[in-house]
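Residue numbers (the numbering used here): 1 to 144.
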């Protein structure tokens, strides 16, 4: 969730959902008028968020699923760089103003690892060795 959701709501006189990928939060992050009314630190973090996760060419953007996929990719990349869940959260908070509980990040990584393990087995069974290799590589990256 956005760490400054209450302050953002107060500054804009609107009720902003604290969950990052709810409609109102994404729309606010894309609105120049909203950003202009915010503290410069919060506005910068929201602009970072919009630039990294809300930019795509889909007709239904930002409700097309791309923001969530980009965020998932970011989490997996951070883990593959060797970051621990707590360090991942610190980086997300510093750069985007996003906070998550360590248990939620750990659960996400564990679920991702299980899915990748299943993909690897299915791909091997279907003779798709390149897919199996990629899934195995990412699995090893996540579990360390």
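Glycine included, each C-beta is placed from N, C-alpha and C at the ideal position. In this text the structure is predicted, and so the values were computed from the model without any measurement.
* **Beta-carbon contacts of residue 24 that lie in its chain and below 7 Å, excluding the five residues immediately before and after** => In the chain shown, counting from the first residue as 1, residue 24 sits at position 24. Excluding five sequence positions before and after residue 24, the CB atoms of its chain that fall closer than 7 Å to its own CB belong to 16 and 17, given in chain order.
* To do: Would you tell me roughly how many angstroms separate the C-alpha atoms of residue 66 and residue 72, rounded to the nearest one?
  => One-based indexing of the chain shown puts residue 66 at position 66. One-based indexing of the chain shown puts residue 72 at position 72. A straight-line Cα-Cα distance of about 10 Å links residue 66 and residue 72.
* Asked: If you draw a straight line from the alpha carbon of residue 138 to that of residue 105, how long is it in whole angstroms?
  -> Locating residue 138 in the chain shown gives position 138, counting from the first residue. Locating residue 105 in the chain shown gives position 105, counting from the first residue. A direct Cα-Cα distance of roughly 16 Å separates residue 138 from residue 105.
* Asked: In terms of residue numbering, what span does the alpha helix (DSSP H) encompassing residue 33 cover?
  -> Stepping through the chain shown from its first residue, residue 33 is reached at position 33. Segment 32–36, the alpha helix (DSSP H) holding residue 33.
* Asked: Contact check, residue 45 vs residue 115 under 8 Å by CB: the rounded distance?
  -> Counted from its first residue, the chain shown places residue 45 at position 45. Counted from its first residue, the chain shown places residue 115 at position 115. Rounded, the Cβ-Cβ distance is 30 Å, inconsistent with contact.
* Look at the alpha carbon of residue 55 and the alpha carbon of residue 128, and state the distance between them as a whole number of angstroms. => Here the question's residue 55 lines up with position 55 in the chain shown. Here the question's residue 128 lines up with position 128 in the chain shown. Going by the C-alpha atoms only, they are around 32 Å apart.
* Asked: Counting along the chain, where does the alpha helix (DSSP H) carrying residue 141 start and finish?
  -> Numbered from its first residue, the chain shown carries residue 141 at position 141. Element bounds for residue 141: 129–143.
* Proximity to residue 143 [Cα-Cα], best of 68, 64, 26 and 117 -> Counting from one through the chain shown, the residue named residue 143 turns up at place 143. Per the Cα distances, 117.
* Selection from 21, 38, 3 and 20 that minimises the alpha carbon distance to residue 13 -> Locating residue 13 in the chain shown gives position 13, counting from the first residue. The shortest Cα separation from residue 13 among 21, 38, 3 and 20 belongs to 38.
* Asked: Which whole runs of the alpha helix (DSSP H) in the stretch 1–78 are 4 residues long or more, in chain order?
  -> If only uninterrupted alpha helix (DSSP H) runs of at least 4 residues are considered, those enclosed by the stretch 1–78 are 5–12, 23–30, 32–36 and 40–53.
* Which partner residues of residue 98 appear in the DSSP bridge assignment? -> For the purposes of this step, residue 98 is taken as the residue at position 98 of the chain shown. Residue 98 pairs with 2.
* For residue 68, which of 97, 21 and 88 has the nearest alpha-carbon? -> Position 68 of the chain shown holds residue 68. Its Cα nearest to that of residue 68, the residue 21 stands out among 97, 21 and 88.
* **Selected residue, minimal CA-CA separation from residue 84, among 61, 135 and 109** => Within the chain shown, residue 84 is the residue found at index 84, counting from 1. Closest option to residue 84, judged by alpha-carbon separation, among 61, 135 and 109: 109.
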